[in-house]
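Each remark here refers to the structure printed beneath this line.
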Amino acid sequence: MARVPHLTFSLSFLFLVLPGSPAAAGGGGEGEEWARGREDEPRFTELEYLVVGLVSTVPAFVIPLFLVGKADSVRSLKDRYWVKANIWIIIFSYVGNYFWTHYFFTVLGASYTFPSWRMNNVPHTTFLLTHACFLFYHMTSNMTLRKLRHSTAHLPQFIRWSFEAAWVLALSYFIAYLETLAIANFPYYEFIDRDIMYKVGSLFYAIYFIVSFPMFSRIDENEEKWSLSRVAVDALGAAMLVTIILDLWRIFLGPIVPIPESRRCGQPGLAWFQVQNESI
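For what it's worth, my numbering labels the leading residue of the sequence shown as 865, then goes sequentially.
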């Protein structure tokens, strides 16, 4: 099946060249000192961070309009795969930023300290960067899953499913770990304990992809064409499943590191609800 290529930027590259990172400042190997940040280092302004996000994301929408594949040339815009893929990722990544980022605060001990305009205490820039990165991750997952399915097509169904499940688990953890490691040089995205974040936090993050990779791969597969409404509903369903799993982790397993009282959500229910200790 023909696909229109997407031009996306790696989050690791972007964070390495941002002002204040070791790569941008000529540092290297200082690890934790750079991670804490330095007051005398130059920083981007809110607008400059927003521009970085736009430069990362806009090509995924603009380039396919001009580089039209043979299969898409006879289709209306709403029927083109790249439109459906972008809509799915927009919805999934929006939910991830708006809601799931708070699990990073209350379960993983993460925090953003770079200047940025925010919505629900989440920097606008991360909404844009996440779209570019998630689109790249899911395109990569699609290609590997198709290759795997083709290679195991002659095997019994249970064996095929076992191979696919194992691959999704491995790829999800690998991508989550690699992204967490790649942004280690960015001094304004901090963790209470980076070692635990790399090992255990990456597993928490991998939950996103364990759910999303197989669900995203179903779009327009097997000659079945999806409507835009079906794409939107599917993305919302995937987001809801991830939300349930993350909150079950928060309730039953708890934070992976001691969380300061000011950032702790001790109430049952959803982590972004601030429940007051008063009778209602």
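Every residue, glycine too, gets a C-beta built ideally from N, C-alpha and C. Predicted, not measured: the structure shown is a model, and the values here were computed from it.
Buried or exposed (CB count within 10 angstroms, at least 16 for buried), residue i
i	result
THR994	buried
GLY892	Model confidence at GLY892 stands at a pLDDT of 36, short of 50, so the residue's coordinates are unreliable and nothing is read from them.
SER957	buried
ALA935	exposed
HIS1002	buried
LEU992	buried
ALA1099	buried
PRO1020	exposed
ARG902	Unreliable positioning characterises ARG902 in this predicted model, as indicated by a pLDDT of 46, which lies under 50. A coordinate reading is not provided.
Residue i (DSSP reduced to helix, strand or coil)
i	result
PHE1022	helix
SER1036	helix
VAL1121	coil
GLU1028	helix
GLY893	Here GLY893 scores only 36 on pLDDT, less than 50, and its place in the model should not be relied on; the value that follows carries that caveat. GLY893 falls in the coil class under three-state DSSP.
SER885	Residue placement at SER885 is poorly supported in this model, since its pLDDT is 34, which falls under 50; the coordinates still yield a value, given next. Three-state result, SER885: coil.
ARG944	coil
ARG907	coil
ARG982	strand
Limits of the beta strand (DSSP E) - the one that residue i falls within
i	result
SER1155	Limits of the chain in this structure are 865 at one end and 1144 at the other, which puts residue 1155 out of reach.
ALA1017	Neither: ALA1017 is in no beta strand (DSSP E) and is coded neither H nor E.
SER975	974-976
PHE1050	Counting along the chain, PHE1050 falls outside any beta strand (DSSP E), and DSSP gives it neither H nor E.
N- and C-terminal bounds of the alpha helix (DSSP H) containing residue i
i	result
SER1093	1092-1116
ALA924	923-930
TYR967	965-970
Contact check, residue i vs residue j, beta carbons under 9 Å
i	j	result
ALA1096	GLY960	no
LEU1008	VAL986	The sequence given here has Thr at residue 1008, not Leu. Not a contact, by the Cβ cut-off of 9 Å.
GLU1056	ILE1123	Checking the sequence, you will find Ile at residue 1056 rather than Glu. Yes; because the gap between Cβ atoms is below 9 Å, this pair is in contact.
THR1016	GLU1028	yes
ILE1120	VAL1064	yes
Contact with chain C by residue i, beta-carbon distance below 9 Å
i	result
SER1005	Absence of chain C from the displayed structure is noted, only one protein chain being present.
Touch test, the stretch 965-985 against the stretch 1058-1074, Cβ-Cβ under 8 Å, three pairs minimum: yes
Any 3 or more C-beta pairs closer than 8 Å across the stretch 1075-1095 and the stretch 1040-1052: no
The stretch 912-929 touching the stretch 941-956, judged by at least three CB pairs closer than 8 Å: yes
Three or more C-beta pairs below 8 Å linking the stretch 1016-1033 and the stretch 1103-1118: Output reads no: the stretch 1103-1118 does not touch the stretch 1016-1033.
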